[in-house]
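Asker: Pasting a structure below so you can have a look.
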Amino acid sequence: MSTIAKQNYRGAYHVSPQTNWMNDPNGMVYFEGEYHLFFQHHPNGDTWGPMHWGHVVSTDLVTWEELDIALAPDELGTIFSGSAVVDWNNTTGFFDQGDPGLVAIFTHHLEEAGRPVIQRQSLAYSKDKGRTWVKYAGNPVLEHESFVDFRDPKVFWHEQSSRWAMIIACGQTVCLYHSADLKSWNFGSEFGSGIGSHDGVWECPDLFPLALDGDPANVKWVMLVSIGADPAFAEGSRTQYFTGDFDGVTFTPDAASMQVRWADHGRDNYAGVTWSDVPAEDGRRLFIGWMSNWQYANQTPTEGFRGAMTIPRELTLETINGKPSLMQKPAYELENARKQVLAMENSSAAQVSEALRSLQLVSYEIHAQLPAGQSLGFKVRAGASDETVVGIDASAIQTIYADRMNSGQHSFHALFRSVNSAAITPAGESVELRIFVDAGSVEVFGNEGEAAITNLIYPDADATGVSFFSADSELIIPSLRIYELAPLAAN
Ligand code: FRU
C-alpha cells in the first residue's frame, strides 16, 4: 500500500491525490468488499486541466489506497464526471454470465480549436475489480442535439421498473433517461425549470430513495444538484437538494422543495454524490463531496497536490418543522480511527476551558453535548495570529456557525474569508456538536446531522491550539470528548 506523504495542509484522514489536481468524486461504487472512489484528476498539473479519472479504494472508508489512473482522454475527448454501477445481471453483455463487473458511465468532453464544445456520454467496463478498464467500442452512447452543457451522468438501477435510470445535468435543468442495457437510452423527462437555485450552471446531479424518518413504508426520493460558481454570488459553487417522488420517468417535487435548500452551509462541499451498490444489509446512503469551491479551487495554497474530499457521510431524511430534511452524519467508520485525548462529563465551562489549555492538535474530532439555548463554542487550529471559531449562537434563532475570517492564509482570493451559519432546532435540553478538524479543513455537524458546515482553512503549521468559550463560566457542559484521528496509512 502506498503511503501518502505528509505535506502542508494534507489531511490525515481525508482523501487527496498523491500529486497534482483533484476535483469531483466520480464512479463511487461498492464491489466485493471495496469502496471505489474515482475522481476528476489532472495527473500532470496542480490546476484543472485535461481530465482523467484518478482512483482510490478503501475497505474501511478511513484509509485509502491510490491506484493507477482508470480512464484517460482519447479521440472522443477528456473524461469528465460520471458514475459507476455493478452490472449484476450482465445487462450490457460485457461480462460472463454469473460474473458481475463494473461499468462506468461518464462524459466525454471534446474541445477542438474553432469548434463548439461537445459533451457526450460513454461507457467503460472492468472485469478485474476496477484495476483495468476497457472503453466500449460503441461510444458515445448518449448525445444531445442542443445542450452544450450535457454532463455528469449518475446511473442507478430503478427497482420498480426493473431498468437503469440516469440523471444528467443539461444546462439549467436535469434530464432523466432510462435504459435496459446501459447502451441505448430513452428520454424520460426534464426537471428544474422554475424551481430551485439557478445562480450557476447545473452540474453533478444524483437521485436516490431514502426512508423518511427511517420508515420503510414512507420512501421519498432525494435529488442533489450542484450549481457552478458565478462571480455575482459570494458563496461560489454549492449543492442544493430537492425531495419528492420518482416513478422511473418523472421526478415530482414536494411542497418543501419550493424553497431553495442547501445540502451544506459551508463553502467547500461541492459536486457530492452517493455510493452505488452499498449492500442492502448495510443499507446506508453514503456520500462524499469535493472539499473545495470553483471560486478559488485553482488558487488554494497547497504544495504538490491540490484538492481533497470531505469525510464520507451517511445521508438520511428526517421530518423537521414538518418538512422532509436531508441530514448528514460522519460515516461511523471514522470512529475506528479515534484515539481518545479527553473525556469530561457534566463539567463547568471554566473546567472545560482549563482542560483544553494544554492541548496541541491538528487532526481530531470534538464531540460535545452542549446546553441548548446558550452561546458558546470552540476555537480550533488556534495560534499566535490564526484561529477558526466554531460555535452555537443562541442570541436569536439557534444557529451553528464556523468563522474562518482569521483562519490563516486567505490572500489567494478576496472572497475566501467567510462566516457561515445554519439554523438548528434542538428538541431537548442539549445539542450535539461534532467538529472534524484536519490539516486544512474544518467540518461541523450540528444537532445530530441537521446542519453541516464544511470549510477549508490554511493556518500556520504551529496553530495547533484548541480552546472553549462561553459567557457563563458556571455553565454545565453535559459531555465533551476529544479524539485524535490517526488512521494508520497516514503515518
Ligand atoms: C463540476 C464539474 C463537472 C464536470 C467536471 C469537470 O465540478 O464542472 O460538471 O464534469 O467538473 O472537471
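For the sequence shown, the numbering used here begins at -19 and goes up steadily by one.
By construction, the Cβ of each residue, glycine as well, lies at the ideal position given by its N, Cα and C atoms.
None of these values were measured; they are calculated from a predicted model.
Where does N472 sit, in a helix, a strand or coil, going by DSSP?
Answerer: No information on residue 472 is available, as it lies outside the stretch -19 to 471 that the chain covers here.
Asker: Would you check if the distance between the CB atom of V417 and the CB atom of Y463 is smaller than 8 Å?
Answerer: Cβ atoms of V417 and Y463: not closer than 8 Å.
Asker: Is S61 near the ligand FRU - that is, is its Cβ less than 7 Å away from at least one heavy atom of it?
Answerer: Yes - the ligand FRU has a heavy atom lying nearer than 7 Å to the Cβ of S61.
Asker: Go through its chain and collect everything with a Cβ distance to R264's Cβ below 7 Å, but skip five positions before and after it.
Answerer: Counting only Cβ-Cβ distances below 7 Å, and skipping sequence neighbours, we find V258, E294.
Asker: Just tell me which of D67, G94, L156, S173 has its CA closest to the CA of W165.
Answerer: That would be L156, whose Cα lies nearest to the Cα of W165.
Asker: Is R131 near the ligand FRU, in the sense that its beta carbon is under 7 Å from a heavy atom of that ligand?
Answerer: Yes, the Cβ of R131 comes within 7 Å of a heavy atom of the ligand FRU.
Asker: Measuring CB to CB, does T434 end up less than 8 Å from T290?
Answerer: Yes.
Asker: What is the DSSP secondary structure of M(-19), counted as helix, strand or coil?
Answerer: For M(-19), the pLDDT reaches just 30, beneath the cut-off of 50, and the residue's location in the model is therefore unreliable, although a value from the coordinates is still provided. Three-state result, M(-19): coil.
Asker: Could you say if the stretch 429 to 445 and the stretch 363 to 374 meet the contact criterion of at least three C-beta pairs nearer than 8 Å?
Answerer: Yes, they touch.
Asker: From the DSSP secondary-structure annotation, give me the bridge partner or partners of N6.
Answerer: According to DSSP, which records beta bridges pairwise, N6 is partnered with F18.
Asker: Could you check where the alpha helix (DSSP H) with A52 kicks off and where it finishes?
Answerer: A52 -> no alpha helix (DSSP H), and no H or E assigned at all.
Asker: Just to confirm, is the Cβ distance from D40 to E313 under 8 Å?
Answerer: Yes.
Asker: Ignoring anything shorter than 3 residues or poking outside the stretch 188 to 259, list the beta strand (DSSP E) runs there in chain order.
Answerer: Those beta strand (DSSP E) runs which fall completely within the stretch 188 to 259 and span 3+ residues are 199 to 207, 218 to 226, 231 to 233, 250 to 254.
Asker: Would H245 and A348 qualify as a contact pair, given that the criterion is a beta-carbon distance under 8 Å?
Answerer: Cβ atoms of H245 and A348: not closer than 8 Å.
Asker: Considering only residues of the same chain and omitting the five flanking positions on each side of W68, which have a CB-CB separation below 6 Å?
Answerer: Excluding positions up to five away in sequence, the list reads P80.
Asker: Exposed or buried, what is N301 when buried is set at 16 or more other beta-carbons lying within 10 Å of its beta-carbon?
Answerer: N301 should be labelled exposed.
Asker: Assuming the contact rule is C-beta atoms closer than 8 Å, L460 and M324 should be a hit. Round their C-beta distance to whole Å, please.
Answerer: With a Cβ gap of about 5 Å, L460 and M324 count as contacting.
Asker: In three-state terms, what does DSSP make of E315?
Answerer: The answer is helix: DSSP assigns E315 an H, G or I state.
Asker: Rounded to whole angstroms, what is the Cα-Cα separation between S453 and A329?
Answerer: C-alpha separation (whole angstroms): 5 Å.
Asker: Does the beta-carbon distance from P233 to L204 come in below 8 Å?
Answerer: No, the Cβ-Cβ distance between P233 and L204 is not below 8 Å.
Asker: Taking N70 as the reference, which of D193, A235, V83, T58 has the closest Cα?
Answerer: Ranking the options by Cα distance to N70, first place goes to V83.
Asker: Using the Cα positions of I415 and E91, report the straight-line distance between them to the nearest angstrom.
Answerer: Going by the C-alpha atoms only, they are around 42 Å apart.
Asker: Tell me the rounded alpha-carbon separation between P189 and A260.
Answerer: Their Cα atoms are separated by approximately 13 Å.
Asker: Rounded to whole angstroms, what's the CA-CA distance from A191 to A50? Just pull it up for me.
Answerer: Cα-Cα distance, rounded: 34 Å.
Asker: So the beta strand (DSSP E) Q99 belongs to, where does it begin and stop?
Answerer: Note, Q99: beta strand (DSSP E), 98 to 106.
Asker: Looking only at C-alpha atoms, which of Y221, N278, A52 sits nearest to D26?
Answerer: Of Y221, N278, A52, the residue nearest in Cα terms is N278.
Asker: If you check the beta carbons only, do T87 and F127 fall under 8 Å apart?
Answerer: Their beta carbons are not under 8 Å apart, which means T87 does not touch F127 by this criterion.
Asker: Under the DSSP definition of a beta bridge, which residues are partnered with W44?
Answerer: Paired residues: none, contrary to the question.
Asker: Are the CB atoms of G357 and V369 within a distance shorter than 8 Å?
Answerer: In this structure, G357 lies closer than 8 Å to V369 by Cβ.
Asker: Given this structure, state the Cα-to-Cα distance separating I148 from S256, to the nearest angstrom.
Answerer: C-alpha separation (whole angstroms): 16 Å.
Asker: How many angstroms separate the CA atom of Y10 from the CA atom of G228?
Answerer: About 23 Å.
Asker: Specify the secondary structure class of N386 as computed by DSSP and reduced to three states.
Answerer: Three-state result, N386: coil.
Asker: Given a cut-off of 8 Å on the beta-carbon distance, is the pair N450 and L336 in contact?
Answerer: For the record, residue 450 in the displayed sequence is Ser; it is not Asn. Cβ distance not < 8 Å, so S450 and L336 don't count as in contact.
Asker: Would you check whether the ligand FRU has a heavy atom nearer than 7 Å to the C-beta of D210?
Answerer: No.
Asker: Taking only three categories from DSSP, how would you classify S141?
Answerer: Helix.
Asker: State buried or exposed for G94, treating a residue as buried only when at least 16 other CB atoms are found within 10 Å of its CB.
Answerer: G94 is exposed by the Cβ-count criterion.
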